[in-house]
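*Asks:* I'd like to ask you about the structure that follows.
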Amino acid sequence: MKGKRHIVLLLIFCFIISTVIACSKTEIPEQTTTPQEETTPSDDSSDDVSEQPEEAEEDQTDEDPFPGADLGGVTLKVWGFPNPETVDEAEKEKWSERLKAVEEKFNCKLDFSGLEGVGWNDVPQTIISSVAAGDPVIDFGDMSRYYISSLVTNDAILDMTEVVKNYNLPKAYWEGGCQWGDKIIGFSRGPMLPWSSLVYRRDIIQEVGMEKTPGEMFVEGKWSLDDFYSYCKELQSRLPEGTYVLGIHALNWARGAAFANGAYMMDAKTYHPGYLSDGFIEIVEFFQKLVQEGIAVNATEVTRDDGTTGYDWNPAQQGFDEGKIVITHGDNWNFDGWAAQFDFGVVPFPWGSNVTLEDPNDYRTLSDNYTNYYKDNGVFVVVKGGEKKATPEQYMNLLFSYWTEMAELLQENREREAKGEPITWEGKGAYRWFSTDLDAELWDWYIGRYKFDPLDTTTQSSVFFRALYKVCSVGGSPRAEFEAIVGEDIFAMIEAGLIKEEELPDDLKQKVAEFREKQE
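Structure (structure tokens):
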């Protein structure tokens, strides 16, 4: 009897346990599917709530970062897009398919012909005239920054400040190069980065028996202005008659050497002149010495249209291909051609006294004020009138929907910026145009340290350029030459609304006042 009672009790106990377990299993999904919820949903909505996080996650994953729109079949006149009719034959099918896809996605037609046949220098005026006539020649397109002054002054493009800021573009896509005063007037389809450095003929340097190349000197921390001068003097002594060590435009030297010495010609934020600083004067006086001693090629004197004497520095950079100059300034679009002809190398500009090197044997310990620069870049703008067909944001989405490589890069760079990682060229660490690991290493390092130089795409007067070209060619005091023109230079910037006179330091206010007095 006792045994039967024990069996009954055991069965009752097992039934209770199994019931508890079963009940607990029905509660687990409700607790784990919404762990982020702090409040308890009501009974009649608990099933719906438990499914929402999964649906939301799927929506976020599938959401198009560059959504389309129904533009009603309108024709958009664009510029700076790959045109399926004019790209290389191997690319035609790809771009034709993309054109079809993007026209369907936005219910529109793209017209690529707006600026066909227009000369490079004539683009700004062509756009300005068409806007004034009420029929913009393009609605949206890629402009050189050199055009922006005219386009803004003539109210031919939209202010895109709020649109760009809300689009989650990394700063490398707009800061500096796509700004005009306190406005953002467009954006770049990719990060705005440097594309130049000093280049040298490795083959010639080896032929004349130099112990080391400029790149090797830089890596060893022996590329200060003094080191550079000593190297150039020795190289000059080994070169045949008629061959120069250095051939470079005075402006290319001034820009590259200034940023390598923690200086600049124009402040990228305030547009105030920086060419009166000790750091800038130092690199100009150094270049004067190179010219005077025949190490660097001098300018060619010319007579301007107004009868005054000018100094043409363009011929000074000619002769690198022929081996008549050994070191010059080079842009990366030249590299393929040079690599096919001879062995060349790249080296950053030498540094001056404004910069420090913490470890004398390691170039990577150069102070942060040693930088490269970029000066011109493509700026995608919306032309006045174009906003009647699509919003600026829709134009941006259309561009990145069409140019999917740029869209993928943008997504990657958004992540890099969010993580605090630097944004630099694609293909970092690859040989690209170079024949040595050292060249690739120096190039990647140099183009990763950069600032924007607004000077020649922003200045409203040529007086500084004339003073620079003259003093580099014939000598004299750079400071005296620059102080003589700074008032006129700043006055032109004030008149254009780019400098606020009240924000100038007292010494520069005085220079502006002196210029005004001369004009009265």
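According to my numbering, the residues represented by the sequence shown are 314 to 833, in order. All residues carry an ideal CB built from backbone N, CA and C; glycine is no exception.
What do you reckon, are the CB atoms on I451 and M473 nearer than 8 Å?
*Replies:* By one-based count along the sequence shown, residue 451 stands at place 138. By one-based count along the sequence shown, residue 473 stands at place 160. Going by C-beta atoms, I451 is not nearer than 8 Å to M473.
*Asks:* Taking the alpha-carbon positions, what's the E827 to E833 distance?
*Replies:* Numbered from 1 along the sequence shown, position 514 holds the residue referred to as residue 827. Numbered from 1 along the sequence shown, position 520 holds the residue referred to as residue 833. Distance between the alpha carbons of E827 and E833 is about 10 Å.
*Asks:* Would you call the region 678-686 and the region 569-588 touching, i.e. three or more CB-CB distances under 8 Å?
*Replies:* Enough Cβ pairs lie closer than 8 Å, so yes.
*Asks:* Figure out for me which residue from N467, K418 and G528 has the closest Cα to the Cα of Q438.
*Replies:* Locating residue 438 in the sequence shown gives position 125, where the first residue counts as 1. Minimum Cα distance to Q438 is reached at N467.
*Asks:* With a threshold of 16 other CB atoms inside 10 Å of the CB of S443, please say whether the residue is buried or exposed.
*Replies:* To locate residue 443, count along the sequence shown from 1; it is residue 130. With 16 or more Cβ atoms within 10 Å of its Cβ, S443 is classed as buried.
*Asks:* Mind pulling the beta strand (DSSP E) runs of 3 or more residues that sit fully within the region 508-580?
*Replies:* Fully enclosed beta strand (DSSP E) runs of 3 or longer: 509-514 and 557-560.
*Asks:* Please name the residue, chosen from D424, L564 and S680, that lies closest to N667 on a Cα-to-Cα basis.
*Replies:* The residue you call residue 667 lines up with position 354 of the sequence shown. Nearest of D424, L564 and S680 to N667, Cα basis: S680.
*Asks:* Assign D802 to one of two classes, buried (16 or more other C-beta atoms within 10 Å of its C-beta) or exposed (fewer than that).
*Replies:* By one-based count along the sequence shown, residue 802 stands at place 489. Buried, because 16 or more other Cβ atoms sit within 10 Å of the Cβ of D802.
*Asks:* Look at the alpha carbon of G620 and the alpha carbon of S509, and state the distance between them as a whole number of angstroms.
*Replies:* Taking the sequence shown and counting its residues from 1, one reaches residue 620 at position 307. Taking the sequence shown and counting its residues from 1, one reaches residue 509 at position 196. Their Cα atoms are separated by approximately 35 Å.
*Asks:* Look at the alpha carbon of A469 and the alpha carbon of K697, and state the distance between them as a whole number of angstroms.
*Replies:* The residue given as residue 469 occupies position 156 in the sequence shown. The residue given as residue 697 occupies position 384 in the sequence shown. Approximately 5 Å, taken between the alpha carbons.
*Asks:* Just verifying my parser: in three-state terms, what is the DSSP assignment at V450?
*Replies:* Within the sequence shown, numbered from 1, the residue matching residue 450 stands at position 137. Reduced to three states, the DSSP call for V450 is coil.
*Asks:* Assign F655 to buried or exposed, taking buried as 16 or more other Cβ atoms, counted over all protein chains shown, within 10 Å of its Cβ.
*Replies:* In the sequence shown, residue 655 corresponds to position 342, counting from 1. The residue is exposed, with fewer than 16 neighbouring Cβ atoms inside 10 Å.
*Asks:* What's the gap between the Cα of V825 and the Cα of I798?
*Replies:* Counted from its first residue, the sequence shown places residue 825 at position 512. Counted from its first residue, the sequence shown places residue 798 at position 485. Looking at the two C-alpha atoms, the distance is approximately 10 Å.
*Asks:* Using DSSP's beta-bridge definition, name the partner residues of D820.
*Replies:* Indexing the sequence shown from 1 puts residue 820 at position 507. Per DSSP, none; premise fails for D820.
*Asks:* Determine which residues share a DSSP beta bridge with N685 and list them.
*Replies:* Taking the sequence shown and counting its residues from 1, one reaches residue 685 at position 372. BP columns for N685 point to Y763.
*Asks:* Compute the Euclidean distance between the alpha carbons of V400 and W408, then round it to the nearest angstrom.
*Replies:* By one-based count along the sequence shown, residue 400 stands at place 87. By one-based count along the sequence shown, residue 408 stands at place 95. Taking the straight line from one Cα to the other gives about 8 Å.
*Asks:* Relative to the alpha-carbon of I736, which residue among L711, V659 and Y763 has its alpha-carbon at the smallest distance?
*Replies:* Taking the sequence shown and counting its residues from 1, one reaches residue 736 at position 423. Of the listed residues, the one whose Cα sits closest to I736 is Y763.
*Asks:* Would you call the CB atoms of T749 and M579 closer than 8 Å?
*Replies:* Working through the sequence shown from its first residue, we reach residue 749 at position 436. Working through the sequence shown from its first residue, we reach residue 579 at position 266. Their beta carbons are not under 8 Å apart, which means T749 does not touch M579 by this criterion.
*Asks:* Distance, Cα to Cα, I640 vs I518?
*Replies:* By 1-based counting over the sequence shown, the position of residue 640 is 327. By 1-based counting over the sequence shown, the position of residue 518 is 205. Their backbone Cα atoms lie some 10 Å apart in a straight line.
*Asks:* What does the alpha-carbon distance come out to for the pair G691 and S457?
*Replies:* Here residue 691 refers to the residue found at position 378 when the sequence shown is read from its first residue. Here residue 457 refers to the residue found at position 144 when the sequence shown is read from its first residue. Approximately 5 Å, taken between the alpha carbons.
*Asks:* Going by C-alpha distance, which of M530, D516, G432 and M709 is nearest V660?
*Replies:* As a working mapping, residue 660 is identified with position 347 in the sequence shown. For the residues M530, D516, G432 and M709, the minimum Cα distance to V660 belongs to M530.
*Asks:* Which value, in whole angstroms, describes the spacing of the CA atoms of L722 and G761?
*Replies:* For this step, residue 722 is matched to residue 409 along the sequence shown. For this step, residue 761 is matched to residue 448 along the sequence shown. Their Cα atoms are separated by approximately 17 Å.
*Asks:* Should the region 417-435 be called in touch with the region 386-402, which here means at least 3 C-beta pairs below 8 Å?
*Replies:* The region 417-435 vs the region 386-402: in contact.
*Asks:* Which residues does DSSP pair with C421 in a beta bridge?
*Replies:* On the sequence shown, position 108 is the one that residue 421 refers to. DSSP, once it has assigned bridges, lists V387 as partnering C421.
*Asks:* Alpha carbon to alpha carbon, what distance is there between F777 and Q630?
*Replies:* The sequence position of residue 630 within the sequence shown is 317, counting from 1. The sequence position of residue 777 within the sequence shown is 464, counting from 1. Taking the straight line from one Cα to the other gives about 21 Å.
*Asks:* Is DSSP giving S442 helix, strand or coil here?
*Replies:* Position 129 of the sequence shown, counting from 1, holds the residue named residue 442. In this structure, S442 counts as helix in the three-state DSSP scheme.
*Asks:* Just to confirm, are F599 and A609 a CB contact at a threshold of 8 Å?
*Replies:* As a working note, residue 599 is residue 286 in the sequence shown. As a working note, residue 609 is residue 296 in the sequence shown. Not in contact: F599 and A609 (Cβ atoms no closer than 8 Å).
*Asks:* Is the separation between the beta-carbon of G534 and that of L755 shorter than 8 Å?
*Replies:* Here residue 534 refers to the residue found at position 221 of the sequence shown. Here residue 755 refers to the residue found at position 442 of the sequence shown. No. Outside cutoff.
*Asks:* So R411 and Y624 are supposed to be a Cβ contact under 8 Å. How far apart are they, rounded?
*Replies:* Mapped onto the sequence shown, residue 411 falls at position 98. Mapped onto the sequence shown, residue 624 falls at position 311. That belief does not hold up - the Cβ atoms of R411 and Y624 are roughly 48 Å apart, past 8 Å.
*Asks:* Note down the Cα distance separating E830 from V521, rounded to an integer number of angstroms.
*Replies:* Along the sequence shown, read from residue 1 onward, the residue named residue 830 stands at position 517. Along the sequence shown, read from residue 1 onward, the residue named residue 521 stands at position 208. Roughly 58 Å between the two C-alpha positions.
*Asks:* Going by other Cβ atoms of all chains shown within 10 Å of its Cβ, with 16 needed for buried, is T556 buried or exposed?
*Replies:* Counted from its first residue, the sequence shown places residue 556 at position 243. Classification for T556: buried.
*Asks:* My output table needs one value for T616: the three-state DSSP class, helix, strand or coil.
*Replies:* Locating residue 616 in the sequence shown gives position 303, where the first residue counts as 1. It is a strand residue.
*Asks:* Could you name the residues of the same chain whose beta carbon sits closer than 7 Å to that of Y588, not counting the 5 residues immediately before and after it, in chain order?
*Replies:* For this step, residue 588 is matched to residue 275 along the sequence shown. Closer than 7 Å at the Cβ level, and outside the excluded window around Y588, lie M578, F777 and F795.
*Asks:* Give the C-beta separation of G699 and P449 to the nearest angstrom, bearing in mind that I take them to be a contact with Cβ-Cβ under 8 Å.
*Replies:* Residue numbering aside, residue 699 sits at position 386 when the sequence shown is read from its first letter. Residue numbering aside, residue 449 sits at position 136 when the sequence shown is read from its first letter. Indeed, because the Cβ distance is near 6 Å, the residues count as touching under 8 Å.
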